[in-house]
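Visitor:
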Amino acid sequence: MLSPDGRTLLFSSDRAGGAGGHDLYSATMIGGVAQRARPLAGGINTAAQEFDATFLGDGRTVVFARALDFGSAPVRQFIAYEHAGRHDAGHALPAPVNEPGGDSYGAMLDGSRRDMLTYSARRAGGEGLDLYRVRYRMTRP
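Heads up, the sequence shown is in our numbering, so the first residue is 28 and it goes up one at a time.
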């Protein structure tokens, strides 16, 4: 996923050198070419799986999915704020993004308004994965 200004590529990888599992990385884009990728600094990457990340409109705040494992643990959407080049560990987003008994993946932004799209396996309400639109308001702690 590219930052809103197109200068930073954000992605997940299980490459060596991370905190464990899949971690979030960024690479500066110069002339359409990604430069050396580095793990996001701070507490955002953990021994769990971090993936499906996107920047919010400020180009610094990251929304991403986290699961303890890819087998039995629920997948939740988290938000992490950047302070002085380092992202905090993030905190789980409340309902309606994360609902009990379901998994929430793949935050995507609708650049024309303050909506976030996410797909979710909410077992009680549908079959398989369903797409949800969630309105958000940008506030920093």
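Heads up, the beta-carbon is just placed ideally off N, CA and C, and yes, glycines get one too.
What ranges does the beta strand (DSSP E) occupy inside the segment 35-65, keeping only unbroken runs of at least 3 residues that lie completely in it?
Guide: 35-40, 50-57
Visitor: Please confirm whether ALA68 has its beta-carbon closer than 8 Å to some beta-carbon of chain D.
Guide: The chain inventory of the structure shown lacks chain D, comprising one protein chain alone.
Visitor: Exposed or buried, which one is SER99 when buried takes at least 16 other CB atoms within 10 Å?
Guide: Here residue 99 is taken as the residue at index 72 of the sequence shown, counted from 1. Answer is exposed; the Cβ neighbour count stays below 16.
Visitor: VAL89 lies in the beta strand (DSSP E); which residues open and close that run?
Guide: For this step, residue 89 is matched to residue 62 along the sequence shown. VAL89 -> beta strand (DSSP E) spans 89-94.
Visitor: Determine, using beta-carbon pairs with one atom in the segment 56-64 and one in the segment 105-114, whether at least three such pairs fall under 8 Å.
Guide: With the cut-off at 8 Å, the segment 56-64 and the segment 105-114 do not touch.
Visitor: Are the beta-carbon atoms belonging to ALA75 and VAL90 less than 8 Å from one another?
Guide: Your numbering for residue 75 matches position 48 in the sequence shown. Your numbering for residue 90 matches position 63 in the sequence shown. No.
Visitor: Taking only three categories from DSSP, how would you classify ASP32?
Guide: The residue you call residue 32 lines up with position 5 of the sequence shown. Of the three classes helix, strand and coil, the one that applies to ASP32 here is coil, per DSSP.
Visitor: Could you tell me if GLY133 is buried or exposed, where buried requires 16 or more neighbouring beta carbons within 10 angstroms of its beta carbon?
Guide: The residue you call residue 133 lines up with position 106 of the sequence shown. Under a 10 Å Cβ-count criterion, GLY133 is classified as buried, with 16 or more other Cβ atoms of the shown protein chains found around its own Cβ.
Visitor: Locate the beta strand (DSSP E) running through PHE97, then write down its first and last residues.
Guide: As a first step, residue 97 must be located in the sequence shown, where it is residue number 70. First-last for PHE97: undefined, no H or E at that position.
Visitor: By how many angstroms is the C-alpha of ALA122 removed from the C-alpha of GLY128?
Guide: Start at 1 with the first residue of the sequence shown, and residue 128 comes out as number 101. Start at 1 with the first residue of the sequence shown, and residue 122 comes out as number 95. The alpha-carbon atoms of GLY128 and ALA122 are separated by roughly 12 Å.
Visitor: Report the option in ASN125, ASN72, GLU126, MET135 whose CA atom is closest to the CA atom of ALA116.
Guide: As a first step, residue 116 must be located in the sequence shown, where it is residue number 89. With distances taken between Cα atoms, ALA116 lies closest to ASN72.
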